[in-house]
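The working numbering numbers the first residue of the sequence shown as 1 and each following residue consecutively.
Ideal Cβ placement from N, Cα and C applies to all residues, glycine included.
Computed from a predicted structure; not experimentally measured.
First the structure, in the form of structure tokens, and then the observations on it.
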Amino acid sequence: MVSVVSLVGLPGGGKTTVGRQLARRLGARFVDADHVLEERLGMPIRAFFEQHGEPAFRDLEERVIDELTAHTGEPLVLATGGGAVLRAPNRAHLRDRTTVVYLRSTPEELFRRLRHDTQRPLLQVADPLSRLRDLHAQRHPLYEQTAHFCVDTGRPSVSMLVGLILSQLEQAGCLPHGEDHVGDHASGPSAAPT
């Protein structure tokens, strides 16, 4: 049975929103790695980026991912930061210690959601859509390499996404069959295991 489900994907892909609802359906604890990082930093991630740069942030993120994926207690749903997969140790810890679901989104879909966002440091640029395309080109192969399952986020509701994830976890033997929380599954070709 699965102990930790980790969600990966680009900024704005729904990792926190989907993660919270998935945790409720599984009766698991929800942890957002970025929130843990901000607690440790004592400031917003954007401010830390501006003051100390991205490498210093990634160093701390690597330590936090190591800690969170070593979790062996009650069931946990972990939402990771969009750049967590950039470091090989993070990819290895996520892939080897947790069941990883890639919430796959197109840059255009993300731009529609994030065009007014002022908090994500990597998107505070003159052309955020171009930046999202660059991030997608860089990170998409890493997400696919890390993930056990991929789920397209261009679906009409969070509850459908959560149902699809639960269905994939159950079919893979990661959840007990016939549990009440694994009901009303959506299905489709976009949920192909990787």
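Three or more beta-carbon pairs drawn from the region 19–32 and the region 75–88 are found closer than 8 Å, and the two stretches are therefore classed as touching.
If you draw a 10 Å sphere on the C-beta of histidine 148, you find 16 or more other C-beta atoms in it, and that means buried.
When C-alpha distances from histidine 35 are compared across Leu68, Ser3 and Val5, the shortest belongs to Leu68. C-alpha of glutamine 168 to C-alpha of tyrosine 102: approximately 12 Å in a straight line. For arginine 139, the CB contacts under 8 Å within the same chain, skipping 5 residues up- and downstream, are Leu10, Gly82, Gly83, Val85 and Leu86 in chain order. The alpha-carbon of alanine 172 is positioned some 44 Å away from that of glutamine 51.
Rounded to the nearest whole angstrom, the C-alpha separation of glycine 19 and glutamate 62 is 20 Å. For glycine 53, the number of other beta carbons within 10 angstroms of its own is below 16, and it is reported as exposed.
Glycine 13 is not a Cβ neighbour of leucine 142, given a cutoff of 8 Å.
Judged by DSSP secondary structure, alanine 79 falls within the beta strand (DSSP E) whose first and last residues are 76–79.
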